[in-house]
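Heads up: the sequence lines are chains A, W and P, in that order.
So the mapping is simple: my numbering equals the position in the first sequence, first residue as 1, plus 45.
So the mapping is simple: my numbering equals the position in the second sequence, first residue as 1, plus 3.
So the mapping is simple: my numbering equals the position in the third sequence, first residue as 1, plus 227.
Inspection log for the structure reproduced underneath, given as structure tokens.
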Amino acid sequence: MSKENWILLLFILLLLCIPLTESRFYVFLGTDILIFGLFAVSLNLLLGYTGLVSFGHATYFGIGAYTCALLMKKASVPFPLAFAAAGALGGISALVIGFFCVRLTKVYFAMLTLAFSQIVWAMAFKWNSLTGGDNGFVGVPFPQFLDSKVRFYYFTLGVVAGSLFLLRKVVNSPFGRILTTIRENPERTEFIGIHVKLFQLIAFMISGVFAAIAGALFGIFNHSVFPDILFWPASAEVLIMTLLGGIYNFFGPVVGAAVLLFVRMQVTSYTEHWPVILGFTLAFLLFFFPGGIMGFLQARFARPGGNR
Amino acid sequence: MPDPSFLLLQSLNGLTYAMFLFLIASGLSLIFGILGILNFAHGSLYMLGAYFTQQFVSLFVDAPGQFWWAVLFASLTVAALGAVIERFFLRHLYAREELYQLLFTYALVLILADFAKIIWGTGQFSVSRPALLKGAVPILDQFFPTYNLVIIFLGPCIAFTFWFTLLRTRWGRKIRAAALDREMLSSLGVHVNRLFTVVFFIGAWLAGLGGALVSPVSAIVPGMDVEVIINAFIVVVIGGLGSFWGTFLGSLIVGQVYALGILVFPRLSLAFIYVLMALVLIIRPWGLLGRPLQR
Amino acid sequence: MRRSLMFWMVLSLVTLAFFSPQTADAQKKPILVGFPMILSGGGALFGKPSSVGAEMFVKEINAKGGILGRPIELIVRDCGNTPEEATRVAREIILKEKVDFLVGGLTASQGLALSEVAKTEKVLYIAPISKSTAMTDPDKLHPYVFRAAANTNTEGRSAAVFMAKHPWTKIATLGPDYEYGQMVTKAFVEWMKKNKPQVQIVHQGWPKLGETDYTPFIAPLLAAKPDAAFLSLWGGHFVTFAKQAKPYGFFEKVKVVAAGEGGSPETGMSLKDDLPLGITTNAYDVFYYPDTPEHKSYVERLKAYTKQEYPPSWAITGYIAVQFLAEAIKKANSTDTMKVIKALEGLTINTPIGKQTMRAKDHQATRGQVWGTTAKVPEYPFPILRPVEYIPADDLMD
């Protein structure tokens, strides 16, 4: 087994042991990091692997959260069904929105993803009867067989690990390789006969599904769903997490999510000026560490001919 | 049938709002058109324009023309800040992908917002209208604030000045050339870097001016930066990123949709603007008056 | 090499922070009270003074030896302007700082969000400001949530009481289109319809919360030709509106009764000459009324603490909320959550603005409001409320 896989195994063991510390806080933090880690990795499928800058990824996270929570709370749909519906709806909306977005490139692509995300936000914000409007809604129940924080943590760990496993398979497959080729040079890829837009759309859809899964987990974890998770700064936040961890590494975004969530928690307990610190950190990152944390670590410890 | 004087009044309100949007959106469009950067921090520059105006007004207490001097100084301060940001930071990111530039301007939003909070606190500020323009003008059987009327006239004046500069003067020609092919221009001996700083200076000046002029009619509060930047984005997308008259048209459209939309869709007007933006991006992504580009 | 150095330095700092010892107090273990409040963005204008009021109370009580011999430690955190952020911050301070009690939140939706957090984490929560009745409605009420502020019923109905005193029959409303605006306007309209049925609501305007341009709402309202208008734009939003409406002669054409603390000294100081005179509005607290010794003492202390000549009115919200908590702990003689809840129900305390009781049946305080008419006075460089009175809540609550 490669060195990388050993490290991975170690981490999984570590994560499995967290509830043993009997600390409600670490279970909370762990669940939070896992959820946002998945969210960030789903974004990175578009960003790092396909080269598409989406400024509206929070849309699918939000759709996943609202769908699962609403179905469970208002329609008393059993959890497995609601959960699956969340992922499905995330994928379908990504398909529809993506269809329009992949026709554009660069800044225009980003702006259209932003426009759609604001439309979905406005709908959630105003549709009082369905979504609870600007109040959002509270009281999202734990699923029946997962009615404790610790159980839910293990469930989240399982779902996220499984999702990451699947996503890993996707990026290492021929499909994934084509995505990277598209990222490097879309025109040339088109030239060798690949229908670039179709591949981009499929990547968009897949990332939407997993973002929605992360969102569904979040709605339950938070016991409430608010339209703020759809508002554009939420999309900016997950972009920052992804960049911080490293967009050219599969696990980079998970590292980024962990570091951002953790550092924010620590910093906000000392000062109310977290935004300026985040701003400087982000700027610092952009100038000196474009590869993020994992990018830096890999460069430092790279083996000759190192792999991903 | 709502009475015509009321519709006219509502329309004029939309026009006023459009002019403020135009000031900030034109700067945004200029920076994008020439430098290729979508500046998220443009709303922050607008906000700083308002804060600085408030500061200068309290500094120039009782001076004649107090308000207008404050507007001048405030907008120039913001312009200088913009130039500094471009010269020392943004310039180093031109070679990188758009994502880095975009996220850097977002980092600026965070930093500038917190700086404003550190310097001026969380309180709300307010600036009075200049004494001459405090009243209202009778229009049909309603009243319309004089100050707003002045803004409506100022908008096209500034528009025309810029259009003229860009089209007719040597500076303008250089700037337009730089947008098309900076390498060629550079090899012809033009200091492209300096040109870019000037462009950013002007763009920032416009944003600061917008903020300065809006200070008597709006609250100067934290959060006004985020509020305005999305609307500015919508304007430039509808009008066409980089197109000058497109921005003007876009502002007019957004202003009127906003004002009249409230009458027609009182509680949906929020989503309406975003839908419009999405429609334009879908049907005609380069905007109404933009240059059709390779998509 | 330099980049590596930077990286390792940052990494070590982060790791050190991770392993920083939790403050284990060798002396008396303090009572930890989490205080998430809006300290940035649009709501900070009021969140900050509210937290200042709470801090002052805590400082004073600790100087007297604390509660049950233990000092109170107020853990103030910026909860942002959204319910999502408030939820996150509240859960963090409950789980990480292990606070014993929670006081905070500003907007109605934050109140509802924090109420949910209190319910799931089983922590006592007192809302100092959130007015929405939804929090204490039978279907949302649970043992852990209390409200120290007035609610939208009290506010809407007091405004209606004032409105009904005059012969105006055509009334318009203008309120922010979110929970608070909707509920307070609803309370106003329902009371009017019940007690003065000849009144007609000729127009209702709903700008979004935090609207910066109210002018498109002014013209339609004026076009409906109302005699009077009920406004529920609060704090800074009212300031913006007043500035924009003035040149239209709005306040001369339409008589205004405004909920949302337009009578706060902060608003008067902000608007100065632009504050419309002769309108009826309210405030949480005004430093010039009531003339009781407790209130005067409070104002003097607040002046000294904030070093402001005209201290903020929102400070009282944080002050009273924490005061309720402190007195309940004292009465319960314990910091056990269930015991404090029992003690809090039905508790009457002496606040700087008079006696307040926390009703047992719906965990709502009998908090009235200060109402008055704006007027220019020689004593102060900005307009204040004169005449001014305190309208108690008792008859107006369900």
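The C-beta atom is built at its ideal place from N, Cα and C for all residues, glycine as well.
Quick caveat, the model's predicted, so the values are computed rather than measured.
Between the stretch 575 to 585 of chain P and the stretch 310 to 319 of chain P there are fewer than three inter-stretch CB-CB distances shorter than 8 Å, so the stretches are not counted as touching. Against chain P, a Cβ distance below 8 Å from Ile-274/A picks out Glu-311.
In this structure, the straight-line span from the alpha carbon of Ile-122/W to that of Pro-225/W is close to 12 Å. The alpha-carbon of Pro-298/A is positioned some 20 Å away from that of Phe-266/A. Within the stretch 283 to 303 of chain A, contact with chain W at the beta-carbon level (separation under 9 Å) is assigned to Leu-284, Ile-285, Leu-288, Ile-292. A Cβ-Cβ contact shorter than 9 Å links Leu-60/A with Gly-75/A. For the stretch 68 to 99 of chain A, residues whose beta-carbon sits nearer than 7 Å to a beta-carbon of chain P comprise Arg-69, Phe-70, Phe-73. Excluding the 5 residues flanking it on each side, Thr-125/W has same chain C-beta neighbours closer than 7 Å at Pro-225, in chain order. Between the stretch 330 to 346 of chain P and the stretch 178 to 186 of chain A there are three or more C-beta pairs closer than 8 Å, enough to call the two in contact. For Arg-384/P, the enclosing alpha helix (DSSP H) stretches over residues 379 to 391.
The C-beta of Lys-358/P has 16 or more other C-beta atoms within 10 Å across all chains shown, which makes the residue buried. One thing to note: Val-416/P has its Cβ no nearer than 9 Å to the Cβ of Thr-564/P. Under the Cβ distance rule, Asn-308/P counts among the residues neighbouring chain W, one pair being separated by less than 9 Å.
Judged by DSSP in its simplified three-state form, Ile-338/A adopts helix. Residues Gly-101, Thr-104, Ile-142 of the same chain have their beta carbon placed closer than 7 Å to that of Phe-161/A, with the five preceding and five following residues left out of the count. Within the same chain, Tyr-94 come within 6 Å of Val-216/A by CB-CB distance, once the 5 residues on both sides are set aside.
Every candidate beta strand (DSSP E) stretch fails here, since none sits fully inside the stretch 209 to 290 of chain A while reaching 3 residues. The three-state reading of DSSP puts Pro-148/W in strand, counting E and B together. Closer than 9 Å at the C-beta level to chain P, one finds no residue of the stretch 108 to 139 of chain A. Nearest CB-CB separation between Phe-271/A and chain P: below the 9 Å threshold. Counting only the Cα atoms, Ile-205/W lies some 57 Å from Leu-623/P. At a cut-off of 9 Å, the C-beta of Gln-163/A has a neighbouring C-beta in chain W.
Phe-146/W reaches chain P at Pro-474, Tyr-475, Gly-476, counting residues in chain order whose Cβ is nearer than 8 Å. Look at Thr-601/P here: in three-state DSSP terms it is strand. For Trp-51/A, the closest Cβ of chain W is not nearer than 9 Å. For Glu-479/P, the secondary structure class from DSSP, reduced to helix, strand or coil, is helix. Separation of Asp-589/P and Phe-328/P (C-alpha to C-alpha, rounded to the nearest whole angstrom) is 19 Å. Closer than 9 Å to the CB of Tyr-49/W there is not a single CB belonging to chain P. At a cut-off of 9 Å, the C-beta of Ala-344/A has no neighbouring C-beta in chain W. In terms of CA proximity to Tyr-71/A, Leu-322/P leads the group Ala-281/P, Met-410/P, Lys-275/P, Leu-322/P. Residue contact with chain W for Asp-500/P: present (Cβ-Cβ distance below 9 Å to some residue of chain W). When the Cα atoms are used, Val-466/P and Gly-293/W turn out to be separated by approximately 39 Å. Against Thr-313/A, the close residues of chain P are Arg-304, Asp-305, Val-316, Glu-319, in the order they occur along the chain (beta-carbon pairs closer than 9 Å).
Per the coordinates, the alpha-carbon of Val-98/A lies some 26 Å from the alpha-carbon of Ala-207/W. Within its own chain, the residues whose Cβ lies closer than 8 Å to the Cβ of Lys-286/P, once the five positions on either side in sequence are excluded, are Tyr-532, listed in chain order.
Closest in alpha carbon position to Asp-273/A, among Phe-154/A, Pro-125/A, Met-168/A, Ile-137/A, is Met-168/A.
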